[in-house]
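Numbering (full-length UniProt numbering), first residue to last: 1 to 225. Built from N, CA and C at the ideal position, the CB exists for glycine as well. None of the values given here were measured: they were computed from a predicted structure. Right, one structure below, let's go through it.
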Ligand code: BV8
């Protein structure tokens, strides 16, 4: 049975109105990465980091899946083999579209994490410095997001999926953040057919044997058919 593994990045959610990171006016143009997406930034100014994620959590709560997300949900429902989505995105749009095999390697906006005891719980829409952990009561609640320098979630399972994939697709990612940026090369070397679906060629386009360029809401439904 053909196993399909799909990596998604911010580009797949752009047409749902959620900002990407490195496009013109993107999230990293508004905030320095080290200030809002590192543990050091959170320690330095937790209020700024909570504001950054509160804004994105509210936007994600309102966002609706676009035809690219819907096409991947159709693919999982119709494909005879397994379909897995490994997403760098922290919005819940793949689940809203109907996919169930979704691995959030960079965490999720709807999750909260205790920096003191590692307890996880559903995040409130608004978080603030000093929010306490419902388990250990420490005032150490943070967004359950993987920041730079932190180890992404589900890595063992992801490498295994990449080793077993017959088809690997990367959708809407600039290929600049590791370890996700290495998945295309890894899957290709393990024997998968690799395809990149993106607005334009990513920095690691050479890792893919096929490329389709254009807006995700157009090229992903065409690719899924
Ligand atoms: C780790 C938090 C160790 C969530 C994020 C030097 C060399 C190599 C690596 C490193 C290095 N120095 C440091 C590192 C490691 C570092 C890293 O890669 N840094 C980079 C900047 C060099 N990585 C880490 O620290 C990671 N941890 O390495 O731990 C380890 C690893 C493995 C095993 C054990 C230990 C942790 C990385 C996670 C950081 N957290 N964000 C959040 O706030 O959202 S990363 C951030 O970038 C987001 O998560 C985002 O998902 C991710 C990738 O960005 P993209 O999704 O690709 O978005 P981007 O805007 O860049 O691109 C959008 C693309 O879409 C564009 O190509 C555009 O053309 C396209 N597009 C736009 N519109 C559309 C479209 N396509 C189609 N249709 C459209 N409409």
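Going along the chain, which residues of its own chain have a beta-carbon closer than 6 Å to the beta-carbon of residue i, five neighbours each way excluded?
i, result
"residue 96", "65"
"residue 82", "3"
"residue 134", "121"
In angstroms, rounded to a whole number, what distance separates the CA positions of residue i and residue j?
i, j, result
"residue 227", "residue 181", "Missing from the structure shown is residue 227; the chain here goes from 1 to 225 and no further."
"residue 22", "residue 189", "28 Å"
"residue 52", "residue 1", "42 Å"
"residue 145", "residue 15", "22 Å"
"residue 198", "residue 213", "5 Å"
"residue 34", "residue 80", "43 Å"
"residue 156", "residue 7", "15 Å"
"residue 147", "residue 106", "8 Å"
"residue 223", "residue 217", "11 Å"
"residue 71", "residue 225", "8 Å"
"residue 140", "residue 49", "13 Å"
"residue 47", "residue 73", "36 Å"
"residue 129", "residue 193", "46 Å"
"residue 31", "residue 41", "11 Å"
"residue 27", "residue 19", "6 Å"
"residue 211", "residue 116", "44 Å"
"residue 287", "residue 45", "Residue 287 lies beyond the stretch modelled for the chain, which goes from 1 to 225, so this question has no answer here."
"residue 187", "residue 76", "20 Å"
"residue 174", "residue 206", "13 Å"
Select from the options the residue whose C-alpha is nearest the C-alpha of residue i.
i, options, result
"residue 220", "196, 45, 50 and 154", "196"
"residue 86", "75, 60, 48 and 158", "158"
"residue 62", "32, 102 and 109", "109"
"residue 138", "119, 76 and 24", "119"
"residue 113", "69, 136, 103 and 45", "136"
"residue 99", "116, 115 and 68", "68"
"residue 313", "94, 161 and 152", "A query on residue 313 cannot be resolved here, the shown segment of the chain reaching from 1 to 225 and no further."
"residue 170", "183, 163, 161 and 177", "183"
List the DSSP bridge partners of residue i.
i, result
"residue 94", "DSSP lists no partner for residue 94."
"residue 141", "114"
"residue 211", "196"
"residue 86", "7 and 103"
"residue 120", "113"
"residue 237", "Nothing can be reported for residue 237, as the shown portion of the chain is limited to 1 through 225."
Only counting the same chain, and skipping five residues up and downstream in sequence, which positions put a Cβ closer than 8 Å to that of residue i?
i, result
"residue 54", "125, 126 and 127"
Closer than 7 Å by C-beta to residue i: which residues in its own chain qualify, once you throw out the five before and the five after it? Chain order, please.
i, result
"residue 56", "109"
"residue 58", "125"
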